[in-house]
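Listed in order, the protein sequences are those of chains P and X.
Just so you know, we're using our numbering here: the first sequence kicks off at 581 and counts up by one.
Just so you know, we're using our numbering here: the second sequence kicks off at 581 and counts up by one.
We put the CB at the ideal spot given by N, CA and C, even for glycine.
There are 2 protein chains.
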Amino acid sequence: MSQIEIRHLRTLVALRETGSLVEASERVFLTQSALSHQIKELEGRLGCSLFLRKTRPVRFTSAGNRLLELADEVLPRLHKAEHDLDRFAGGQTGRIIMAIECHSCFEWLLPAIDAYRNEWSDVELDISSGFHFAPFPALARGDLDLVITADPLDEPGITYFPIFSYEAQLAVAKNHPLVEKTWVEPKDLADEIVITYPVDRERLDLFSGFLEPAGVEPARVRHAELTTMIVQLVASGRGVTCLPNWALHEYLQNDYVVVRSLGEEGIWPTLYAAVRKDQGDAPFMEAFIEVAKQVCFDNLRGIVTAELG
Amino acid sequence: MSQIEIRHLRTLVALRETGSLVEASERVFLTQSALSHQIKELEGRLGCSLFLRKTRPVRFTSAGNRLLELADEVLPRLHKAEHDLDRFAGGQTGRIIMAIECHSCFEWLLPAIDAYRNEWSDVELDISSGFHFAPFPALARGDLDLVITADPLDEPGITYFPIFSYEAQLAVAKNHPLVEKTWVEPKDLADEIVITYPVDRERLDLFSGFLEPAGVEPARVRHAELTTMIVQLVASGRGVTCLPNWALHEYLQNDYVVVRSLGEEGIWPTLYAAVRKDQGDAPFMEAFIEVAKQVCFDNLRGIVTAELG
DNA sequence: AACTTTTTTTGAATTCTATTCATGTCGCAA
DNA sequence: TTGCGACATGAATAGAATTCAAAAAAAGTT
Numbered sequence: 581m582s583q584i585e586i587r588h589l590r591t592l593v594a595l596r597e598t599g600s601l602v603e604a605s606e607r608v609f610l611t612q613s614a615l616s617h618q619i620k621e622l623e624g625r626l627g628c629s630l631f632l633r634k635t636r637p638v639r640f641t642s643a644g645n646r647l648l649e650l651a652d653e654v655l656p657r658l659h660k661a662e663h664d665l666d667r668f669a670g671g672q673t674g675r676i677i678m679a680i681e682c683h684s685c686f687e688w689l690l691p692a693i694d695a696y697r698n699e700w701s702d703v704e705l706d707i708s709s710g711f712h713f714a715p716f717p718a719l720a721r722g723d724l725d726l727v728i729t730a731d732p733l734d735e736p737g738i739t740y741f742p743i744f745s746y747e748a749q750l751a752v753a754k755n756h757p758l759v760e761k762t763w764v765e766p767k768d769l770a771d772e773i774v775i776t777y778p779v780d781r782e783r784l785d786l787f788s789g790f791l792e793p794a795g796v797e798p799a800r801v802r803h804a805e806l807t808t809m810i811v812q813l814v815a816s817g818r819g820v821t822c823l824p825n826w827a828l829h830e831y832l833q834n835d836y837v838v839v840r841s842l843g844e845e846g847i848w849p850t851l852y853a854a855v856r857k858d859q860g861d862a863p864f865m866e867a868f869i870e871v872a873k874q875v876c877f878d879n880l881r882g883i884v885t886a887e888l889g
Numbered sequence: 581m582s583q584i585e586i587r588h589l590r591t592l593v594a595l596r597e598t599g600s601l602v603e604a605s606e607r608v609f610l611t612q613s614a615l616s617h618q619i620k621e622l623e624g625r626l627g628c629s630l631f632l633r634k635t636r637p638v639r640f641t642s643a644g645n646r647l648l649e650l651a652d653e654v655l656p657r658l659h660k661a662e663h664d665l666d667r668f669a670g671g672q673t674g675r676i677i678m679a680i681e682c683h684s685c686f687e688w689l690l691p692a693i694d695a696y697r698n699e700w701s702d703v704e705l706d707i708s709s710g711f712h713f714a715p716f717p718a719l720a721r722g723d724l725d726l727v728i729t730a731d732p733l734d735e736p737g738i739t740y741f742p743i744f745s746y747e748a749q750l751a752v753a754k755n756h757p758l759v760e761k762t763w764v765e766p767k768d769l770a771d772e773i774v775i776t777y778p779v780d781r782e783r784l785d786l787f788s789g790f791l792e793p794a795g796v797e798p799a800r801v802r803h804a805e806l807t808t809m810i811v812q813l814v815a816s817g818r819g820v821t822c823l824p825n826w827a828l829h830e831y832l833q834n835d836y837v838v839v840r841s842l843g844e845e846g847i848w849p850t851l852y853a854a855v856r857k858d859q860g861d862a863p864f865m866e867a868f869i870e871v872a873k874q875v876c877f878d879n880l881r882g883i884v885t886a887e888l889g
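Following this line, the structure appears as structure tokens:
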């Protein structure tokens with residue numbers, strides 16, 4: 581089946597460089613007898629001789645030269661591939677295809693990616709838009725490599741690295757009655773219109789961590805795609821919303837809306853990077869998580885709580 | 581030492597094309613178990629996994645894709661090389677580096693080479709100018725592949741194929757006394773100046789086949805490089821020369837000189853193509869000799885005698 | 001030309017490793 | 001759960017590459 585093997589190419593190159601079987605054999609760490617057998621057998625299979633041994637240095641036939649040409653094409657590529665694979669094996673490079681559960685995470689993720697790319701330029705980076713609905717199976721089977729999530733479910737084969745904690749706050753219009761309260765109780769929202777991203781309730785801190793435990797259902801739930809749009813609706817008094825404090829920060833500074841904590845302590849979700857266990861300790865992956873934390877800590881200084889890993 | 585082998589690349593390609601170990605194993609004519617072991621072992625040595633088996637079709641990791649990239653670079657080149665080597669082995673192609681002992685053979689050799697090149701375009705062809713002095717050792721050790729010679733010495737490992745026979749004739753000036761004779765005897769040249777190519781006497785038919793056997797030495801021997809120059813010297817009465825009849829043909833037609841046979845029968849050397857025994861029956865080599873004979877027969881029609889092989 | 005040294009070839013023994021065989025495990029669908 | 005298909009695994013086997021030992025062939029040397 582396979583006539584020519586890598587070892588044959590190596591042998592021929594060594595032979596070209598040394599000019600004799602004896603020296604070539606040292607070069608490839610075999611006995612000279614082994615080389616003699618090896619080449620004789622190859623010549624037998626190919627049906628033609630590869631070099632003339634009666635000269636010093638040996639002289640290659642056309643067939644031999646053709647094989648050397650092949651070796652010159654193949655061996656460098658092989659070595660490069662082996663080198664690249666070493667880097668994969670050592671975790672010096674890899675692929676990070678990400679998905680975000682948290683809708684507004686682009687805000688800090690994009691800068692994090694930019695910062696990371698400076699240092700780890702050959703890591704394949706991408707944000708996948710395709711797996712919003714079911715990121716974890718995709719992560720497990722290798723379509724994704726990293727998922728930003730606030731719910732570290734105990735899935736087998738997945739590890740979670742905390743990035744930072746933030747407060748999920750209720751935003752209301754400046755003239756909204758709730759502005760009078762220092763913090764909000766669940767029942768305060770029973771008659772409110774709640775504006776959210778168009779995602780499942782269990783992925784919304786307001787419901788999963790506040791209203792549902794208290795058995796409170798708002799008057800109505802309305803959806804909007806973009807953070808800006810949600811905030812605008814809230815500012816104009818069409819409803820209330822719950823967003824991460826860092827996503828609301830710029831609107832607060834512009835005095836568009838007012839925010840209040842959910843409950844006396846506030847709700848403080850933590851964002852995690854979920855990765856497959858086998859990639860969790862790869863340097864390129866650890867570095868990404870470290871960079872993400874650092875970027876968040878720097879950019880969102882005083883707004884979020886760094887989780888020191 | 582050598583991590584990756586051709587078989588690994590073949591396996592991975594089969595795996596990519598079929599999507600499962602079971603089918604891939606059929607493709608490469610091994611059991612599924614063999615592939616499982618093979619890949620497991622490779623992954624072990626590389627230190628990273630190459631694909632995730634829990635999906636259908638299997639999904640390659642970055643490392644796996646890198647290896648597939650290598651396979652796509654290497655395997656086609658390998659197949660091409662194997663194909664080329666098959667042609668070498670079958671004698672469908674090869675190399676013919678020639679040397680000529682006979683100084684004026686260019687005249688018919690160049691057209692022969694041109695004719696041959698039409699049919700056998702990928703045979704490497706060259707006329708070597710470097711081995712005029714000792715062509716046979718060079719032929720034996722592979723510097724040359726074909727030598728045109730008039731002396732088929734019985735060297736081991738060399739075979740001779742006759743190309744054609746010609747008459748070696750004496751050319752004299754039109755007013756030379758020897759014009760009166762129908763043929764020349766050795767002693768007729770005892771007082772003559774003989775003009776020859778600057779080569780050893782034993783390679784000159786006039787000496788080795790005519791004068792020396794008769795023990796006759798001419799008055800003087802003078803050298804000239806080019807056929808034209810020799811003929812001019814002869815035409816102007818500065819001496820006589822011995823050349824192949826086909827080399828003299830055009831000068832005869834122009835009435836420059838007169839030719840006479842050496843002895844009653846004339847001297848009829850035969851030109852041979854000397855090649856290494858192992859190449860003697862290769863189609864590309866046989867074809868060259870056949871083309872050479874044909875070209876000579878056509879171009880020198882009526883002047884030389886074809887040797888029918 | 002005889003002798004020594006070096007290099008390659010060769011056949012048999014050995015060691016290694018790829019492959020197979022026979023199970024075992026895992027995930028998935030009915 | 002059972003049954004099915006796909007992959008994994010351990011032990012046995014078969015096959016090849018390599019080594020060893022010795023011989024043959026070249027190449028230098030005297």
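Applying a beta-carbon distance threshold of less than 9 Å, which residues of chain P neighbour residue i?
| i | result |
| --- | --- |
| phenylalanine 668(X) | Leu626, Gly627, Cys628, Thr641, Ser642, Ala643 and Arg646 |
Taking Cβ-Cβ distances shorter than 8 Å, what residues in chain P pair up with residue i?
| i | result |
| --- | --- |
| leucine 658(X) | Ile584, Leu650 and Val654 |
Under 7 Å Cβ-Cβ, which residues of chain X neighbour residue i?
| i | result |
| --- | --- |
| leucine 726(P) | Result: empty, since nearest Cβ-Cβ is about 14 Å, beyond 7 Å. |
| alanine 854(P) | By Cβ distance, chain X contributes nothing, its closest Cβ being about 17 Å from alanine 854(P), past 7 Å. |
| aspartate 664(P) | Arg646 |
Between the options, which has its C-alpha nearest residue i's C-alpha?
| i | options | result |
| --- | --- | --- |
| alanine 695(P) | Glu597(P), Glu870(P), Thr598(P) and Arg625(P) | Glu870(P) |
| serine 745(X) | Leu733(X), Ala751(X) and Thr729(X) | Thr729(X) |
| glycine 892(X) | Met678(X), Pro736(X), Glu735(X) and Leu610(X) | Here chain X covers residues 581 to 889 and nothing more, so residue 892(X) does not appear. |
| threonine 635(P) | Pro742(P), His588(P) and Thr598(P) | Thr598(P) |
| valine 703(X) | Pro766(X), Ile584(X), Ala862(X) and Arg783(X) | Ala862(X) |
| tryptophan 848(P) | Asp785(P), Gly860(P) and His829(P) | Asp785(P) |
| leucine 622(P) | Ser600(P), Ala604(P) and Leu647(P) | Leu647(P) |
| arginine 800(P) | Met809(P), Ala815(P) and Thr821(P) | Thr821(P) |
I think residue i touches residue j, with their Cβ atoms under 8 Å apart; what is that distance to the nearest whole Å?
| i | j | result |
| --- | --- | --- |
| valine 528(X) | alanine 692(X) | Here chain X has residues from 581 to 889 only, and residue 528(X) is not among them. |
| leucine 615(P) | cysteine 628(X) | Contact flag wrong, Cβ pair sits at about 32 Å. |
| alanine 904(P) | phenylalanine 668(X) | Residue 904(P) is absent from the model: chain P starts at 581 and stops at 889. |
| isoleucine 680(X) | methionine 865(X) | Actually they are not in contact, since the Cβ atoms of isoleucine 680(X) and methionine 865(X) sit about 17 Å apart, beyond 8 Å. |
| valine 608(P) | threonine 591(P) | 6 Å |
| isoleucine 586(X) | leucine 658(X) | 7 Å |
| alanine 872(P) | isoleucine 707(P) | Not really, about 13 Å apart at Cβ, beyond 8 Å. |
| proline 778(P) | glutamate 805(P) | 7 Å |
| tryptophan 700(X) | alanine 867(X) | 6 Å |
| leucine 689(P) | arginine 697(P) | Contact doesn't hold; Cβ gap of about 12 Å is too wide. |
Apart from the five residues on each side of it in sequence, which residues of its chain come closer than 8 Å, Cβ to Cβ, to residue i?
| i | result |
| --- | --- |
| arginine 639(P) | Phe631 and Leu632 |
| arginine 802(X) | Ile773, Val774, Ile775, Thr776, Leu813, Arg818 and Gly819 |
| tryptophan 763(P) | Arg840, Ser841, Leu842, Gly843, Glu844 and Gly846 |
| threonine 807(X) | His683, Ser684, Leu823 and Ala827 |
| arginine 625(X) | Gln583 |
Strictly below 8 Å CB to CB, what residues from chain X border residue i?
| i | result |
| --- | --- |
| glycine 722(P) | Leu632, Thr635, Arg639 and Thr641 |
| alanine 661(P) | Ile584, Arg646, Leu647, Glu649 and Leu650 |
Going by beta carbon distance, what residues of the same chain come within less than 6 Å of residue i, once the five residues before and after it are set aside?
| i | result |
| --- | --- |
| glycine 889(X) | Residue confidence is low: glycine 889(X) scores 49 on pLDDT, short of 50, so the model does not pin down where it sits. No coordinate-derived value is stated. |
| proline 798(P) | Leu769, Glu772 and Val774 |
| leucine 610(X) | none |
| phenylalanine 877(X) | Ala886 |
For the beta strand (DSSP E) that residue i lies in, which residues bound it at each end?
| i | result |
| --- | --- |
| leucine 665(X) | Run containing leucine 665(X): none in the beta strand (DSSP E); it sits in the alpha helix (DSSP H), 642 to 669. |
| leucine 726(P) | 726 to 729 |
| isoleucine 586(X) | Run containing isoleucine 586(X): none in the beta strand (DSSP E); it sits in the alpha helix (DSSP H), 586 to 598. |
| alanine 748(X) | 748 to 753 |
| histidine 803(X) | 800 to 803 |
How far does the alpha helix (DSSP H) with residue i in it extend, from its first residue to its last?
| i | result |
| --- | --- |
| alanine 718(P) | 715 to 721 |
| glutamine 859(X) | It is not in any alpha helix (DSSP H) - glutamine 859(X) carries neither H nor E in the DSSP assignment. |
| proline 691(P) | 686 to 699 |
| proline 842(P) | It is leucine, not proline, that sits at residue 842(P) in the sequence shown. Taken as a continuous stretch (DSSP letters only), leucine 842(P) belongs to no alpha helix (DSSP H), being part of the beta strand (DSSP E) at 837 to 842. |
Could you list which residues in chain X have their beta carbon closer than 9 Å to that of residue i, in chain order?
| i | result |
| --- | --- |
| glutamate 704(P) | Ser642 |
| glycine 599(P) | The contacting residues do not exist; glycine 599(P) stays about 14 Å from chain X at best. |
Under 7 Å between beta-carbons, which chain P residues line up against residue i? List them in chain order, please.
| i | result |
| --- | --- |
| glycine 674(X) | Ser642 |
By Cβ distance, which residues of its chain are closer than 7 Å to residue i, with the 5 residues on each side in sequence left out?
| i | result |
| --- | --- |
| proline 793(P) | none |
| valine 654(P) | Leu589 |
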